[in-house]
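Notes follow once the structure below has been shown.
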Amino acid sequence: METLRYEARGTFRVSPEALWPLISDTARMNRAIGLPPIEYTVTPADDGGSHVEAQMRLFGLPLARYTEHPFRWEAPHGFVVVREFHTGPLRWVRAGTRLTPRDGGTEVLIYGEFLPRNALGAVLVRRVVGPRSVERALRQCRRFEQYLLGQAGDPFPQLAGKKGLSVRATSAAAQLARQSSSQQGVELLRSHLAEASDDQVVKMRPFVLADRWGLDRRETLALFLHATVAGLLGMSWDVLCPNCRVGKAEYATLGDLAGQAHCETCNITFDASFDRSVEVRFSVAPALRRVEHHEFCIGGPMNTPHVLAQASLPPGATEHLRCSLVPGSYHLRARPSPGRLWLEATDDSAVPGSLAITLSAEGIEPATAALSAGPVSLEVANHTDHEQLVALEGSLWPDTIATAAIVSTMQEFRDLFSSEALAPGLQLGIENLAFMFTDLTSSTAMYQAIGQARAFRLVQDHFRVLRAAISANRGAFVKTIGDAVMATFPSGADALAAGLQIQRDIRGLTAPEGVDVAHFVKIGLHQGPCVAVNLNDRLDYFGTTVNTAARIEHECRGGQLVASLAVCQSDGATALLEESDATLEAEVVRLRGIAEPVPVYRITPQP
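Going by the working numbering, the letters in the sequence shown line up with residues 968 to 1574, in that order.
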């Protein structure tokens, strides 16, 4: 039988970079053009990779079984995939898309190559599958153009939800509206749950939707937490693979979370990281909307959007990969070759825009390199006896992930889900978190001087000031220790802003005679790596960073903050200190239990 090729071309008034995230979203694209859902089976390969077997069904009946080879793509230029069929009327299909800049827009080529197994397959391809698939895909590109030009509100209108929400959603939304400070956010969420497609209302990322809606990210995350309590949403904790960054384990609570997970696609077992791979996600409550979950593609470019280029190289083969890089850090990995090539894209025009790379049994050469930002070309040569799957990807994880570390710094989470804690004995690493420890100046003498009742009221008032300032600056109460407080923040600048606000606001307290509120509170700040733990059935933190923060507070005098060098050098800290007009004194102190001297800044706010 002869190979049959069908293609469709069109020119669109948007750039390849704008079209790429939509046209390469093969899961939604396949569903939009009418392809049936697919059942996937991923099995580990001896060389450390995996094999993907798939089965199509039509009206519940088996239609075809096939092996899906890894997609090849170069963002934003195009992609292609080959499927070898074991059963059915076809032997193999090669389908792809090419995007070419043209007169300020993009020329799109959609193509499909088919090798029929028999005469029935040839008729099916000629009359139905071949022309229909490419023409439908091209029509979908026209919808993308309208969406990108602001002429349509949805790039996939045919996938929009048509079932709406049950009547229980009305009372749940009303409860949420009473609890939330963002009525706009409540309405946007309710509309999204009612009108979005099934795949858009499961495994939702609050930060992604916040960006789409033009809302503050943390306020949107707080909205989702309140919506979970109100019964609109369900919450889960997903563990992401460090390679493909796809969720590979799901847990209903933090207490169910395991310390390791396995990715069947990458065929690796990895440790869970609290601030990188453990992510909170939300889905519409089953009682409010019935959602049908089907797979339409698991290997396309938008399944792993951090991968800019991917190709499979047979032994001895050489591939040329083209893509566009913005200034930043990248790395190239190959499976099963060990190691990685670390790339830095710079604005330096003297740096080359091309690079020759060799894959060997020992690893990847070179180990590091610099490229000029913009269009780049990589020549990758496979000098091994194994097929290699090469991927060029961004080194930074996307900031649209609401990690467990971020969520745990939110006061709303600790208030609404106080029972959420890790399993006893489980410790999960965090690369960087900021901590605040506070205490009162001469509290014992104060209790004796003004009496326990008045002292207790003053301490409670001081707790309210602390809680308000911590929450206003993206932090959360971890615990109180007598009159002292431990709080955590996503960054040192946030902790510093909260500390300055506390020392400013505490002066507004009404205190009995003899209590100097301007020198009432001592604050110590530090940031760095730590581990999340379960302590007394609550989420807590442990490690040298935490101990150092507590010891730094002991160096403080009333009315001051003492902050480590790490906090004062964190992004945004310098501007905060300049705006505050606070007095800074640099010191090097020795802290009990800490071997090395610690440089700190003694910060005295202006009256």
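By construction, the Cβ of each residue, glycine as well, lies at the ideal position given by its N, Cα and C atoms.
If you're wondering where the values come from, they're calculated on a predicted model, not measured in any experiment.
query                                                                                                                    : result
Beta-bridge pairing of Arg1300 - partner residues as DSSP gives them                                                     : Arg1307 and Ala1358
Validate contact between the segment 1286 to 1306 and the segment 1342 to 1351 using beta carbons, cut 8 Å, 3 pairs      : yes
Start-to-end residues for the beta strand (DSSP E) that takes in Gly1201                                                 : Leu1200 to Leu1207
Through-space distance from Leu1383 to Val1196, alpha-carbon basis                                                       : 8 Å
Inter-residue spacing [alpha-carbon to alpha-carbon] between Leu1156 and Thr1376                                         : 23 Å
Cβ shell of Leu1433 (< 7 Å), same chain only, five flanking positions each side left out                                 : Thr1405, Val1452 and Ile1469
Cα-Cα separation, Thr1541 to Leu989                                                                                      : 41 Å
Stretch-stretch touch, CB-based, cutoff 8 Å, three pairs: the segment 1052 to 1070 with the segment 1277 to 1284         : no
Sub-8 Å separation of Ile1473 and His1493 beta-carbons                                                                   : no
Alpha helix (DSSP H) runs wholly inside the segment 1031 to 1080, at least 4 long, in chain order                        : none
Inter-stretch contact (C-beta, 8 Å, three-pair minimum) for the segment 1120 to 1140 and the segment 1016 to 1031        : no
Ranges of the alpha helix (DSSP H) found wholly within the segment 1101 to 1173, counting only runs of at least 4        : 1135 to 1146 and 1150 to 1162
Cβ shell of Glu1286 (< 6 Å), same chain only, five flanking positions each side left out                                 : Ala1278, Leu1280 and Val1347
Glu1246 beta carbon less than 8 Å from that of Leu1207                                                                   : yes
Neighbourhood of Pro1083 by C-beta distance below 8 Å, restricted to the same chain and skipping five residues each side : Met968, Leu971, Pro1056, Leu1057, Arg1058, Ala1089, Leu1091 and Val1092
DSSP state of Gly1226 mapped onto helix, strand, coil                                                                    : coil
Arg1179 to Arg1557 span [Cα, whole Å]                                                                                    : 49 Å
Helix, strand or coil at Pro1268 according to DSSP, with G and I counted as helix                                        : helix
Validate contact between the segment 1241 to 1260 and the segment 1302 to 1318 using beta carbons, cut 8 Å, 3 pairs      : no
Residues that Arg1576 bridges to, as DSSP identifies them                                                                : The first residue shown for the chain is 968 and the last is 1574, placing residue 1576 beyond what the model contains.
Pair within 8 Å by beta-carbon distance, Thr1367 and Phe1191                                                             : no
Straight-line gap, Val1488 to Thr1571 (C-alpha atoms, nearest Å)                                                         : 12 Å
Counted within 10 angstroms of its Cβ, other Cβ atoms place Gln951 as buried (16 or more) or exposed                     : Residue 951 is absent from the structure shown; the chain starts at 968 and stops at 1574.
For Ile1469, the three-state DSSP class (helix, strand or coil)                                                          : helix
Which residues DSSP lists as bridging Asp1352, in chain order                                                            : According to DSSP, Asp1352 bridges with nothing at all.
Contacting residues, own chain, Cβ-Cβ under 6 Å from Ala1601 (five flanking each side not counted)                       : In the structure as shown, the chain begins at 968 and stops at 1574. Residue 1601 is therefore absent and cannot be evaluated.
Stretch pair the segment 1165 to 1172 + the segment 1258 to 1270: three plus CB contacts closer than 8 Å                 : yes
Residue closest to Asp1428, alpha-carbon to alpha-carbon, out of Pro1479, Ala1416 and Pro1391                            : Pro1479
According to DSSP, residues forming a beta bridge with Met1403                                                           : Ala1454 and Leu1492
Buried or exposed (CB count within 10 angstroms, at least 16 for buried), Arg995                                         : buried
Identity of the residue in Leu1200, Val1213 and Gly1152 nearest Arg1184 by Cα                                            : Gly1152
Pick from Arg1039, Glu1522 and Gly1072 that is closest to Ala1062, judged by C-alpha positions                           : Arg1039
Nearest-angstrom Cα separation, counted from Leu1275 out to Ile1448                                                      : 49 Å
Cβ neighbours of Met1579 in the same chain (closer than 6 Å, five flanking residues each side left out)                  : Lying before the first or after the last residue shown, residue 1579 is absent from the chain, which here runs from 968 to 1574.
Endpoints, beta strand (DSSP E) assigned at Met1023                                                                      : Ser1017 to Leu1025
Burial state of Leu1551 (16 or more Cβ within 10 Å)                                                                      : exposed
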